[in-house]
Amino acid sequence: MELSNVRAQETEAWATKCCEWHEIRMHAPVSFHATLGAMHGPVEARIRELVEGGGGEAIFATRFFPLVELDSGARVGLDAQACFAITLPDALCTYAPEAGHMFHEVLEWKRSKFDDALEEGAAVHGLAPIEVSLSFPATGIVRAVLVKNMHYTTRLALQWLRPTELRDVQVEIRHIVQDRATPTQLRDFAARLLVRE
Numbered sequence: 264m265e266l267s268n269v270r271a272q273e274t275e276a277w278a279t280k281c282c283e284w285h286e287i288r289m290h291a292p293v294s295f296h297a298t299l300g301a302m303h304g305p306v307e308a309r310i311r312e313l314v315e316g317g318g319g320e321a322i323f324a325t326r327f328f329p330l331v332e333l334d335s336g337a338r339v340g341l342d343a344q345a346c347f348a349i350t351l352p353d354a355l356c357t358y359a360p361e362a363g364h365m366f367h368e369v370l371e372w373k374r375s376k377f378d379d380a381l382e383e384g385a386a387v388h389g390l391a392p393i394e395v396s397l398s399f400p401a402t403g404i405v406r407a408v409l410v411k412n413m414h415y416t417t418r419l420a421l422q423w424l425r426p427t428e429l430r431d432v433q434v435e436i437r438h439i440v441q442d443r444a445t446p447t448q449l450r451d452f453a454a455r456l457l458v459r460e
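Just so we're aligned: the sequence shown equals residues 264 to 460 in the working numbering.
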């Protein structure tokens, strides 16, 4: 099957999952948890200051501070509680582990390009670029995508990981390696990312 057809089928599957997620309350208050913890300190204080001053965009009953615009036009940014969020056609999806797959489009970008764009976007709002970049829930998003194990996005997710992040998703990687329904080439690639104890 041609790659374009495979990608089209997986995109349709993602859309189905998105529709299912839309049945859930999209912008309920959700605690943000990244690998390095929630965004507190200077970034949270700066967002609060911006919100109080009327900064950001009014979107879906909150304030939104866009950081990166993806190829589809969806934007990744921070909401009024300094939580990472992504804009969808009819909702603002705040990051939570169970909603990590909603951010799958970021995997279409090279990791370095995305990190650079994230830092540039943070600087525009007077936020600490490195702190924002390090707080982005990369492994949470990758984990959520790997659990779905749709072959095209699985490969993108595996390629997105930095060496220091591999230990965080070993369980999910091992499942891919052991899944006989996964193409051999992809299983072999995943196997190379297993970390020896």
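Where is the CB? At the ideal position from N, CA and C, for every residue including glycine.
Check: Contact between the segment 338 to 346 and the segment 305 to 321 (3+ Cβ pairs under 8 Å); Outcome: yes
Check: Straight-line Cα distance separating L351 from R406; Outcome: 21 Å
Check: Sequence-distant residues of the same chain with beta carbon closer than 7 Å to V410, five excluded per side; Outcome: E435
Check: Best match in S398, R437, D378 for proximity to E332 [C-alpha to C-alpha]; Outcome: D378
Check: Identity of the residues DSSP links to R338 by a beta bridge; Outcome: E332
Check: Counterpart residues of I349 in DSSP-defined beta bridges; Outcome: V339, C356
Check: Anticipated Cβ contact below 8 Å, V432 with L424, distance rounded; Outcome: 7 Å
Check: Three-way DSSP call (helix, strand, coil) for F327 in this model; Outcome: strand
Check: Continuous beta strand (DSSP E) stretch holding A444: start and end; Outcome: That residue, A444, is in no beta strand (DSSP E); it is neither H nor E in DSSP.
Check: Own chain partners of G384 with C-beta closer than 6 Å, once the 5 adjacent residues on each side are dropped; Outcome: L330, V331
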